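Read through the structure below, which is laid out as structure tokens, and then see the notes.
Number of protein chains: 2
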Amino acid sequence: MSTDLTRSAILTAAEQLYAERSFGEVSLRDIVAAAGVNLAAVNYHFGSKDELLAELFLSRATALNRERFAELKAAEAAGGGRTEPRAILRALAGPPIRWCLGADRQRSAAARFMTRASVETVPPIRKIVERDISHLRRFADALRRALPERDEVDIYWGLHFALAMIRQTITDSNRLRKLSGDLCDLDDVDAIIERIVSVAGFALSAQHAPTGQPATVSTRR
Amino acid sequence: MSTDLTRSAILTAAEQLYAERSFGEVSLRDIVAAAGVNLAAVNYHFGSKDELLAELFLSRATALNRERFAELKAAEAAGGGRTEPRAILRALAGPPIRWCLGADRQRSAAARFMTRASVETVPPIRKIVERDISHLRRFADALRRALPERDEVDIYWGLHFALAMIRQTITDSNRLRKLSGDLCDLDDVDAIIERIVSVAGFALSAQHAPTGQPATVSTRR
DNA sequence: GTCTATATTCGGATAGAC
DNA sequence: GTCTATCCGAATATAGAC
Chain A
1 MSTDLTRSAI LTAAEQLYAE RSFGEVSLRD IVAAAGVNLA AVNYHFGSKD
51 ELLAELFLSR ATALNRERFA ELKAAEAAGG GRTEPRAILR ALAGPPIRWC
101 LGADRQRSAA ARFMTRASVE TVPPIRKIVE RDISHLRRFA DALRRALPER
151 DEVDIYWGLH FALAMIRQTI TDSNRLRKLS GDLCDLDDVD AIIERIVSVA
201 GFALSAQHAP TGQPATVSTR R
Chain B
222 MSTDLTRSAI LTAAEQLYAE RSFGEVSLRD IVAAAGVNLA AVNYHFGSKD
272 ELLAELFLSR ATALNRERFA ELKAAEAAGG GRTEPRAILR ALAGPPIRWC
322 LGADRQRSAA ARFMTRASVE TVPPIRKIVE RDISHLRRFA DALRRALPER
372 DEVDIYWGLH FALAMIRQTI TDSNRLRKLS GDLCDLDDVD AIIERIVSVA
422 GFALSAQHAP TGQPATVSTR R
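In structure tokens:
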């Protein structure tokens with residue numbers, strides 16, 4: 001391990017390419033060209049293309065989860081007995097949105113890479129993504145404890161929608177910018193996070209009429 | 222043209238395979254095997270793999286847009302001068318969600334194929350997807366007319382989030398089912414559409430605090 | 001229009017020198 | 001650990017018989 005320059009050059013180059021094109025469309029030759037290393041180095045360091053992808057994904061997923069959990073724990077600690085649901089949502093949405101829209105280019109690539117990889121059907125990724133459900137469960141549990149009076153179904157749908165907005169904002173922020181004629185400000189990262197938190201919070205907390213009727217709003221706090 | 226059985230067999234087989242695996246992972250050999258036709262038939266009928274994909278995507282996108290616009294026009298006609306925003310959102314979310322979660326297997330594959338294809342980086346698709354922004358603009362305009370007092374920015378973000386929830390529900394309904402321990406009922410399609418409409422309606426209509434403070438809800442209707 | 005057979009390209013992986 | 005050269009399989013595309 002240690003500080004292997006070749007190794008990390010491959011990882012960062014692969015991440016940047018995978019952020020914009022799918023797994024099948026990026027060849028090892030593309031990667032080594034971008035990294036400025038030799039073709040054989042990939043197999044030497046990682047064994048195969050699949051294993052390179054798996055290691056990259058696992059590494060980023062671990063880092064993202066660490067950040068999310070740190071914020072979740074902080075929110076739970078700050079809330080004492082009853083954690084604020086919006087603080088939980090903020091711990092979920094904050095890290096990936098800040099990664100994607102923040103100034104750090106590598107972090108931004110990492111966020112886009114991860115959302116792209118999460119729909120990839122390649123075996124090594126599927127396995128890791130499925131294991132990732134357990135991390136979501138931590139957030140679901142936190143929300144259930146924070147909103148014990150709510151129907152569990154609303155909690156899960158709210159989580160589902162929160163993830164939807166996070167993903168869409170990571171993958172399609174450019175379309176939003178174009179569609180809005182640059183009206184939507186994608187530089188104010190905190191405002192975007194609050195917007196997602198606000199909408200997801202509504203999804204969690206409001207009554208959603210089964211059919212036809214408009215939803216009524218239960219004001220909390 | 223006419224009723225070419227081979228042609229349509231290829232299209233439906235390709236659609237079903239693309240619904241579950243990405244473009245690069247489905248070979249022409251997979252497609253012709255599933256369709257029960259000869260390998261050379263693809264190039265004879267479509268010219269190339271890319272052109273097959275493009276024709277398939279264009280065909281489905283056209284059908285989906287037709288359905289969405291029919292509902293949009295009906296909503297606008299029913300509303301007279303002032304169209305109900307939720308009816309507009311229903312015209313956006315209803316067709317794809319019904320396709321995906323309804324009983325028609327081919328339609329379901331079509332919905333999943335389209336969301337998968339829309340993130341594909343292959344040239345023929347990119348072109349069509351980008352042209353698709355104009356269809357979204359129709360919905361954005363309808364919402365602007367329906368909510369003239371709202372900040373345009375909220376309209377665009379609401380549309381963005383609506384598309385996010387639609388996409389996530391199409392691609393990740395299984396994860397939701399698993400995460401919720403089968404609590405979330407994915408068979409009640411109308412209830413799901415109403416839930417999306419409800420949350421997207423909130424995104425459109427409520428104040429989203431710039432930072433920190435909880436959002437306040439403006440009750441409509 | 002449909003088939004078989006084949007040309008051609010491309011990409012992942014590896015052998016073996018240094 | 002790094003390089004060159006090469007192998008091998010897979011997949012698209014096509015030529016040409018039927």
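Those protein sequences? They're chains A and B, same order as listed.
When the first sequence is numbered by the numbering used here, its final residue is 221 and no position is left out of the sequence of numbers.
When the second sequence is numbered by the numbering used here, its final residue is 442 and no position is left out of the sequence of numbers.
Using N, Cα and C, we set each Cβ at its ideal position, and we do this for glycine too.
Computed from a prediction, not measured in an experiment: that's the story for all the values here.
At a beta-carbon threshold of 7 Å, the residues of chain B lying near H208/A are E415, R416 and S419, ordered along the chain. Unbroken beta strand (DSSP E) runs of no fewer than 3 residues, entirely contained in the segment 72-140 of chain A, are not found.
The DSSP-derived three-state label of H381/B is helix. When C-alpha distances from A254/B are compared across F267/B, A235/B, R352/B and R337/B, the shortest belongs to A235/B. The C-beta distance from G47/A to A9/A rounds to 17 Å, too long to meet the 8 Å contact threshold. At a C-beta separation below 8 Å, G24/A has these neighbours in chain B: S243, F244, G245 and E246. Contact with chain A is absent for K348/B, since none of that chain's Cβ atoms lies less than 8 Å from the residue's Cβ.
With a contact defined as Cβ atoms closer than 8 Å, V153/A and S401/B qualify at about 7 Å. For S329/B and D411/B, the gap between their C-alpha atoms comes out near 16 Å. The Cβ of H356/B sits no closer than 8 Å to any Cβ of chain A. Listed in chain order, the positions of the segment 151-162 of chain A with a beta carbon within less than 8 Å of a beta carbon of chain B are E152, V153, Y156, W157, L159, H160 and F161. Pairing I417/B with T390/B gives a Cβ-Cβ distance under 8 Å. In this chain, the alpha helix (DSSP H) harbouring N264/B covers L260 to F267. Counting along the chain, the unbroken alpha helix (DSSP H) around Q237/B starts and ends at L226 to E241. Nearest Cα to L136/A within the set R105/A, I88/A and R82/A: I88/A. Closer than 8 Å to the CB of A61/A there is not a single CB belonging to chain B.
Taking CB atoms only, L176/A has a neighbour in chain B less than 8 Å away. A residue is called buried when at least 16 other Cβ atoms come within 10 angstroms of its Cβ; I376/B meets this threshold and is buried.
In the DSSP assignment, E194/A falls within the alpha helix (DSSP H) that extends over V189 to S205. A Cβ-Cβ contact shorter than 8 Å links G245/B with S22/A. Residue R60/A holds the alpha-carbon nearest to the alpha-carbon of Y18/A among D4/A, R60/A and A75/A. Between T121/A and chain B, the shortest Cβ-Cβ separation is below 8 Å. Following the DSSP letters along the chain, one finds V32/A inside the alpha helix (DSSP H) bounded by residues L28 to A35.
By the rule that beta-carbons nearer than 8 Å mark a contact, F202/A touches chain B.
In this model, R177/A and L183/A are separated by some 7 Å (Cα to Cα). With contact defined as three or more Cβ pairs closer than 8 Å, the segment 298-309 of chain B and the segment 363-371 of chain B are in contact. Under the three-state reduction of DSSP, E370/B is assigned to coil, being neither helix nor strand. The shortest C-alpha to C-alpha distance from S198/A to any of L11/A, R90/A, A41/A and D188/A is the one to R90/A. Straight through space, the alpha carbons of I387/B and A332/B are spaced by roughly 10 Å.
Secondary structure of L404/B (DSSP, three-state): coil.
A distance below 8 Å separates the beta carbons of L56/A and L11/A.
Judged by their CB atoms, S394/B and L407/B are nearer to each other than the 8 Å cut-off. Neighbourhood of M114/A in chain B, by CB distance below 9 Å: empty, with the nearest CB roughly 13 Å away. Using a Cβ-Cβ cut-off of 8 Å, Q106/A does not count as an interface residue toward chain B, since no Cβ of chain B sits closer than that to its own. By the C-beta density criterion, T62/A is exposed, having fewer than 16 other C-beta atoms within 10 angstroms.
Put simply, the backbone Cα of Q327/B is about 7 Å away from that of Q237/B.
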